[in-house]
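Asks: Below you will find the structure I want to go over with you.
Numbering (our numbering), first residue to last: 109 to 1117.
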């Protein structure tokens, strides 16, 4: 049977489909329903569920203006002020809710309806002000007279005011408390006020039907309707839909305050008529509404911002599906949570189809009041957020189109008020010109205006891309603007490679300053000429053993006067040094030796036995072979290595538990100093400290920052490097001017500054360079308060072994010390490019976290003997020239609008607490803000299976430590409850490794919970 035989004549399938969809979205099921009865006015009149929530919020914060609903229009033309005042009186006479106050009956809030009473519409006049100041005068009146808190027990829940701007121009301002009004109500108010005014000025009777349902009747009916089995069936649906819901983590400009701040602002935007029409056509072709298309795009964009594929978005429904409720004024709306979630990789068209099902099902169950839903689901208590959703989307008509006054044109007046009910609230309305007009309301505690403007621009582009290529994966839709894309994909500024080797550059310095002191250790010193001679003799001996380019030579020495000559000697032989720090476990040293295949090891008597147990090849014991080495030539060997040859292989921790050797070249190292010398002004007057293990790549920075520029290098004994007090003595005694430290290692110096240690004032430092781990800049406040930020400079240089020590440069500013600032690491060095990419390799939008990928001359050759791992981590650079590579770091950062970078941390250092994502460094920074805490670190521990706890390790700033209760109370002022540690352990100091990093394995377990 053909379709024409089954389709009635004149049947419009499209119109019928749209009508069915409209009916379902409005909650109408068909069939006759009993009328809404009158409430028993002899008994206390209970509040509706929505009113009850508004009443509770008002009692919780009586001074808040967050829940005010404004209706403000500019009226141009001859206005009869008396008629408008009388119309306002009659309007309040019609609707009980506008003359209802609220009290208590026992412990229950109730409505108290007052009989008709006189209301005023005061007239203010700003027409005497200069023309360009009149709108500001209007806003001043509104701010002082209308946008003020309501006393719901004693005040009417609405205020009106008329302001004369000019003889033929007025502004009508009406502000309701949300307990008595919603957006739908403002349409009713506009229509009825217009009808009443029109009748009064014409002398005719207003053509208004009686109010079918007063609000008190609706409230009683709602409570009766949503009870028993009917309520339970709807709640079952919502509990299934919203169970295990966790909040979306949006990329904010500031850290979320512990208690939500309702201050807000909004930015306008528009979807041009051409795109708007394409969206309407696309919606019709896919059997959906325009709202569903907008919601799908919003879900997709928020997913790209957050990295999550579980996105709860709230929306508001009118609650007036029944005809008799269309003309009711009052709080009839309800909030729905429309959860977009997916585990696959859907196209936009696929996601839209799922959104359609989600929206229709939600509207089927829209009758459950949001307050009842919260009672049933009981989401995690979090004062920093709104419950169940932080982001909302609403579509509605233009509110002021309801005004139709004879001879008077009504148009919106610029928005006033400054509150935000959610983190983000996207509101879109249909315009008569075919344009979709909108504004994005945002919480100013979290977002800057520029960020909100960027979001709206991204949304418009996302919509365009979605309807242009709806079969494209949501995760691949392109929506970045040209300027943003250029910033996010910019390449390196400098591209010239080094033309020599590190040891040849050192030899040039020897020729310039042969008698200057190069090395200091204890009471010993070596001049540049003496250091070069020792290195040459080691090099000639290694040449005799067959060492040359790319040959690996193990170096297992304590920090001392022989260390740098040995490393230089390996380079001069043409070989590659393999650091084997004797402080590392013997098993690890054995693994590295076996993996690297080094044939020769340089060591000293102290470690000879250990070395011979793990190495069967040649062992040169330097302190026992002085005669042998003394017989070697002292002149510079003929160079064999090229700039592209390996200079060292440093083993770093592997994610699989197996260390991996990173292969760096001479060119990698030399360009590091070429691109930083103009920033840090290296000179022969500098004194550097070598306080890190030579198996940690920061040592490369310390050694050659001194020795390639004629400075002195002070080698710190291992015990001194690990003991903050002894290290401070060394820095003072030796006059160190450039210090490199990990943030962990610098904490003790900050504590000394805070305690007034006199040695801090005797330091000669001109620069402190942080590297090796995340810096919480707010922790530096005591140091900055004592010494300022100019002498010494505090420089944060993010870097990775695979990109040659340092990647970015940032001088710490006073702004960085504020508690809401993240971890600024500045800009890439000139010959590097940093790209922040999402999981699909797309550039992450500005402000959005992604994985750090680094290109440029600092990128290492790869991993020793690990071609598979090298191919996995060193990938083709899609933004650079053919053959260029990106190093995938595994670190997370975001690029800010000014082009600078903010480091967030390792992806595996973010932990989840009851579904909430927590950055442990943020909790530690909040602890150190307490006056009684010198240093702190926070870990997630699971000492008992299944019992995951945040544990804080605290070093007090005085003899007695703050107790756990005091610390919890202090943290509660700045952090949400789930970020507050459950256990506190007091330590004398934080344990550090030989590299100056925190030794987490040495931290004790807390007492059992």
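Backbone N, C-alpha and C fix where the C-beta goes; we use that ideal spot for every residue, glycine too.
What are the partner residues of residue 219, as DSSP defines its beta bridges?
Replies: Bridge partners of residue 219: 153 and 210.
Asks: From 198, 273 and 288, pick the residue whose C-alpha is nearest to that of residue 210; which is it?
Replies: Nearest C-alpha to residue 210: 288.
Asks: Which same chain residues end up closer than 6 Å to residue 377 when comparing Cβ atoms and leaving out the 5 residues on each side of it in sequence?
Replies: Result list for residue 377: 546 and 564, in chain order.
Asks: Can you tell me where the beta strand (DSSP E) holding residue 503 begins and where it ends?
Replies: Counting along the chain, the beta strand (DSSP E) containing residue 503 begins and ends at 499 to 504.
Asks: Determine the burial state of residue 391: buried for a count of at least 16 other Cβ atoms within 10 Å of its Cβ, exposed for fewer.
Replies: By the 10 Å Cβ count, residue 391 comes out buried.
Asks: Tell me whether residue 824 is buried or exposed, calling it buried when 16 or more other Cβ atoms sit within 10 Å of its Cβ.
Replies: That one is buried.
Asks: What residues match up with residue 1003 in a beta bridge as DSSP calls it?
Replies: Paired residue(s): 1009.
Asks: Beta carbon of residue 583, beta carbon of residue 950: below 9 Å?
Replies: Against a cut-off of 9 Å, the Cβ pair of residue 950 and residue 583 comes out as a contact.
Asks: Ordered along the chain, which non-local residues of its own chain (more than five positions away) have a Cβ less than 6 Å from that of residue 660?
Replies: Cβ within range, chain order: 684, 686, 704 and 706.
Asks: With a 10 Å radius around its C-beta and 16 neighbouring C-beta atoms as the bar for buried, classify residue 220 as buried or exposed.
Replies: The residue in question, residue 220, is exposed, as its Cβ has fewer than 16 Cβ neighbours within 10 Å.
Asks: Under DSSP, the beta strand (DSSP E) around residue 551 begins and ends at which residues?
Replies: Note, residue 551: beta strand (DSSP E), 544 to 551.
Asks: Suppose you measure from the CA of residue 541 to the CA of residue 379; what does that come to, to the nearest Å?
Replies: Each residue's Cα considered, the two are about 11 Å apart.
Asks: Contact between the region 1082 to 1091 and the region 778 to 796 is defined here as three or more beta-carbon pairs at a separation below 8 Å; is this criterion met?
Replies: As far as the Cβ criterion goes, the region 1082 to 1091 does not touch the region 778 to 796, which means the pair count is below three.
Asks: Count the other CB atoms, across all protein chains shown, that sit within 10 Å of the CB of residue 1052; report buried if there are 16 or more and exposed otherwise.
Replies: With fewer than 16 Cβ atoms within 10 Å of its Cβ, residue 1052 is classed as exposed.
Asks: Would a C-beta distance cut-off of 9 Å place residue 298 and residue 254 closer than the cut-off?
Replies: Against a cut-off of 9 Å, the Cβ pair of residue 254 and residue 298 comes out as no contact.
Asks: When you compare only the Cα positions, how much space is there between residue 800 and residue 723?
Replies: Looking at the two C-alpha atoms, the distance is approximately 25 Å.
Asks: Ignoring anything shorter than 3 residues, give me the beta strand (DSSP E) runs that lie fully in the region 845 to 881, in order along the chain.
Replies: Fully enclosed beta strand (DSSP E) runs of 3 or longer: 846 to 849 and 875 to 878.
Asks: Buried or exposed for residue 1028, going by 16 or more other Cβ atoms inside 10 Å?
Replies: Classification for residue 1028: buried.
Asks: Taking the alpha carbon of residue 1098 as the reference point, which residue from 268, 1041 and 259 has its own alpha carbon closest?
Replies: Minimum Cα distance to residue 1098 is reached at 1041.
Asks: Throw me the rounded Cβ distance for the residue 610 and residue 876 pair, which I believe falls under 8 Å.
Replies: The Cβ separation is near 24 Å, so there is no contact.
Asks: Just reading off the alpha helix (DSSP H) that residue 243 is part of, what are its end residues?
Replies: Taken as a continuous stretch (DSSP letters only), the alpha helix (DSSP H) holding residue 243 covers 242 to 249.
Asks: Considering only the alpha carbon of each residue, which of 442, 443 and 426 lies closest to residue 435?
Replies: Here the closest residue by C-alpha is 426.
Asks: Since residue 959 is in the beta strand (DSSP E), which residue starts that stretch and which ends it?
Replies: Residues 958 to 964.
Asks: Jot down the residue ranges of each uninterrupted alpha helix (DSSP H) in the region 348 to 419, minimum 4 residues, whole runs only, in chain order.
Replies: List check, alpha helix (DSSP H) in window: 381 to 393 and 398 to 414.
Asks: Thinking residue 938 and residue 600 are a contact (beta carbons under 8 Å), I'd like their distance in whole angstroms, please.
Replies: Indeed, because the Cβ distance is near 7 Å, the residues count as touching under 8 Å.
Asks: Contact defined as beta carbons within less than 8 Å: I believe residue 895 pairs with residue 861. What is the distance between those atoms, to the nearest angstrom?
Replies: Yes, they are in contact, since the Cβ atoms of residue 895 and residue 861 sit about 7 Å apart, within 8 Å.
Asks: Just to confirm the assignment, what range does the alpha helix (DSSP H) spanning residue 611 have?
Replies: That run of the alpha helix (DSSP H) goes 610 to 620.
Asks: Considering Cα atoms alone, identify which of 1075, 249 and 972 is closest to residue 766.
Replies: It is 972.
Asks: For the alpha helix (DSSP H) that contains residue 919, what are its first and last residues?
Replies: Counting along the chain, residue 919 falls outside any alpha helix (DSSP H), though it belongs to the beta strand (DSSP E) covering 916 to 919.
Asks: Can you look up residue 626 in the DSSP assignment and give me helix, strand or coil?
Replies: Residue 626: strand per DSSP, three-state reduction.
Asks: Which partner residues does residue 982 have in the DSSP bridge list?
Replies: Paired residue(s): 995.
Asks: Would residue 618 pass as a contact of residue 855 if the rule is Cβ separation under 9 Å?
Replies: Contact flag unset, no.
Asks: Residue 529: which of 518, 502 and 521 sits nearest, CA to CA?
Replies: Considering only alpha carbons, the answer is 502.
Asks: Residue 768 lies in the beta strand (DSSP E); which residues open and close that run?
Replies: Per DSSP, residue 768 belongs to the beta strand (DSSP E) from 768 to 773.
Asks: What does a CB cutoff of less than 7 Å around residue 715 pick up in its chain, not counting 5 residues either side in sequence?
Replies: Only 664 and 690 meet the Cβ criterion.
Asks: For residue 184, which residues from the same chain have a beta carbon less than 6 Å from its beta carbon, with the 5 sequence-adjacent residues on both sides left out?
Replies: Taken in chain order, the residues that qualify are 277 and 517.
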